[in-house]
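A short write-up of the structure that comes next.
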Amino acid sequence: MPMYETDDIVEKKKRQKRKKNFIRFIVIMVILAIALVIFVTQELWLPKLRGLGKQYTTIVNDGRLAEGNFPIEINDSESFQMACADNILCVLSDANIYLYSSEGGLIKKRQHAYTNAVMNTSADRILIYESGGYRFSVEDRNDMIYTKNFTENIMFVRLSPDGYSAVVTTSADYDSEISVFDRDGKLIYNRKCVERVNDISFTEESSGCVISYIYAENGSLVTSVQEVDFTRSSEKWTSPGLDTSGLQVCGFSGGAALIGIDACGYVDGSGNITSMYHYDGEFAGGSCEKGKSAVIINSDETRKYTAALFDGGGKEPLELCFESPLVDVVVLDGLAYIMTENTVEAYDFSGGLRSTAQINGTYTGFARTDGYVYLKGFNKIDRINYES
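The sequence shown maps to residues 103 to 490 in this note's numbering.
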């Protein structure tokens with residue numbers, strides 16, 4: 103039987119212990135290295151991981167036109183306006199306003215007696231104003247809520263989701279003047295502007311608004327964006343001029359989006375320009391909601407038809423290419439609804455096609471409401487069922 107010295111046994115146990123500690127150290131270092139790599143690269147894989155539980159199947163709607171009361175014929179106007187409010191369809195012609203149920207039944211018809219009438223809708227309210235005139239009115243599906251008359255010409259009026267209205271008029275001593283009314287028609291804010299106001303967007307809870315101004319700078323038209331609070335006389339911030347002639351401004355918690363005639367851009371909550379996107383073709387429409395925006399651009403020369411989706415300021419746009427010209431776009435509830443000459447398609451802002459429907463006929467626009475898409479023709483309105 104072999105004999106072992108006590109010192110040999112002790113040394114052997116020490117070596118085994120050192121080996122175990124070394125292996126444990128290596129394992130810990132490998133785990134820490136893996137954790138560091140995961141942390142550094144999380145922006146690459148985390149969005150994909152989050153999306154694993156949200157895999158969507160594209161819904162293919164049949165696009166079948168509704169029957170019964172549809173199509174709704176519009177015979178008293180060369181052109182008409184169409185919008186939705188409180189799950190009803192609102193139609194404005196040269197002489198009348200019509201309210202229809204989702205089944206196409208006529209709820210109400212009245213004469214408005216406005217020249218160059220324009221309609222806005224939001225939530226449960228309908229606003230009609232006289233472009234270049236002196237009057238506007240706010241109503242719901244049942245009653246007239248209030249009317250207002252001005253001594254200066256109305257340039258335009260905007261309606262907030264909370265029922266507030268902002269009226270922009272000409273002014274004797276200034277370029278334009280803003281008057282804001284609450285839900286009951288009480289004047290709560292007035293602002294005289296030395297530059298031309300071309301759009302207004304209410305901020306959350308209608309506590310203020312974002313204003314866009316057009317002016318000349320270095321021989322070109324630029325658009326500046328400004329945020330005001332209705333409880334303060336001074337503005338919260340004002341952006342530099344964005345290199346485009348603005349058409350629509352949309353405020354949100356992180357700043358504002360501006361859609362222009364040849365470019366669009368974002369400013370942050372301090373008024374700094376965070377992104378600009380110049381169109382490669384002719385602007386055909388734009389829409390924005392809660393910081394998300396979309397524009398559609400057609401280039402017949404190159405046969406390039408593009409929708410650019412923006413998921414907030416400072417981010418690169420997602421470009422979607424189509425085979426036929428784009429007609430209209432609406433951003434609603436986190437989706438961009440895009441109308442081509444023969445389809446209505448809904449995309450999320452990751453570029454996923456969420457739903458689609460084939461359409462047959464010539465349409466110039468559409469309105470989206472719960473369960474339906476209303477298709478605007480030259481003298482009629484069709485409806486299709488639409489799930490997204």
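Don't be surprised by glycine CBs; every beta carbon is placed ideally from N, CA and C.
Looking only at its own chain, which residues have a Cβ that is under 6 Å from the Cβ of residue i, when we skip the five neighbours before and after it?
i, result
"I493", "In this structure the chain extends from 103 to 490, so residue 493 is not present and cannot be described."
"D196", "S179"
"R434", "According to the sequence displayed, residue 434 carries Leu and not Arg. Closer than 6 Å at the Cβ level, and outside the excluded window around L434, lie R470."
"R485", "A168, F172, Y474, Y476"
"C186", "A469, T471"
"M441", "V429, D430, F468"
"F141", "none"
"E329", "V312, K338, W339"
"K250", "F238"
Around the C-beta of residue i, are 16 or more other C-beta atoms found within 10 angstroms, so that it is buried, or is it exposed?
i, result
"I316", "buried"
"A215", "exposed"
"D430", "buried"
"S224", "buried"
"T271", "buried"
"G473", "exposed"
"R227", "buried"
"R212", "exposed"
"N68", "Only positions 103 to 490 of the chain appear in this structure, which leaves residue 68 out of reach."
"E447", "buried"
"K478", "buried"
"E241", "buried"
"C352", "buried"
"N222", "buried"
"I136", "exposed"
"T408", "buried"
"V259", "buried"
So the beta strand (DSSP E) residue i belongs to, where does it begin and stop?
i, result
"H380", "375–380"
"F283", "278–283"
"S224", "219–224"
"N251", "246–251"
"N300", "298–304"
"I461", "Taken as a continuous stretch (DSSP letters only), I461 belongs to no beta strand (DSSP E), as it is neither H nor E."
"T271", "267–271"
"L232", "The residue you asked about is not Leu; residue 232 is Glu in the sequence shown. Taken as a continuous stretch (DSSP letters only), the beta strand (DSSP E) holding E232 covers 227–232."
"Y368", "365–370"
"A215", "Neither: A215 is in no beta strand (DSSP E) and is coded neither H nor E."
"S181", "From DSSP, S181 is part of no beta strand (DSSP E); its letter is neither H nor E."
"L424", "It is Phe, not Leu, that sits at residue 424 in the sequence shown. Taken as a continuous stretch (DSSP letters only), the beta strand (DSSP E) holding F424 covers 420–424."
Report the partner residues of residue i according to the DSSP bridge assignment.
i, result
"Y202", "L191, L208"
"Y439", "V432, A448"
"F412", "S395"
"S326", "Y315"
"K478", "G467, I483"
"V131", "The amino acid occupying residue 131 in the given sequence is Met; Val does not appear at that position. The partner list for M131 (beta bridge, DSSP) is empty, contrary to what the question assumes."
"F92", "With the chain covering 103 to 490 only, the question about residue 92 has no answer from this structure."
"S401", "K406"
Using a Cβ-Cβ cutoff of less than 7 Å, which residues in the same chain neighbour residue i once the five nearest sequence positions on both sides are dropped?
i, result
"R152", "With a pLDDT of 48 at R152, under the threshold of 50, the predicted position of this residue should be treated as unreliable, though the coordinate-derived value follows. Contacts found: none."
"Q460", "G165, N444, T445"
"D277", "C295, V296, E297, R298"
"I363", "T346, S347, L349, F385"
"N481", "E175, I176, N177"
To the nearest angstrom, how far is it from the Cα of residue i to the Cα of residue j?
i, j, result
"S401", "E391", "26 Å"
"I375", "V432", "24 Å"
"D345", "F304", "23 Å"
"L229", "V282", "14 Å"
"E307", "F332", "11 Å"
"E319", "V296", "15 Å"
"I209", "S233", "26 Å"
"S335", "S322", "30 Å"
"I128", "E418", "42 Å"
"S204", "E337", "42 Å"
"L154", "A365", "Bear in mind that a pLDDT of 47 at L154, under 50, signals an unreliable position, so the number given afterwards is only what the model happens to contain. Distance between the alpha carbons of L154 and A365 is about 35 Å."
"Y248", "Y236", "14 Å"
"G310", "M131", "54 Å"
"D301", "L134", "54 Å"
"S102", "G436", "As displayed, the chain neither begins before 103 nor continues past 490, which places residue 102 out of reach and without an answer."
Less than 8 Å between C-beta atoms, sequence neighbours within five positions excluded: which residues of the same chain meet that for residue i?
i, result
"G415", "G356, G357, A359, Y368, V369, D370, T376, S377, G393"
Distance cutoff 7 Å, beta carbons only. Does residue i sit that close to anything in chain C?
i, result
"D301", "Absent from the structure is chain C; it holds one protein chain and no more."
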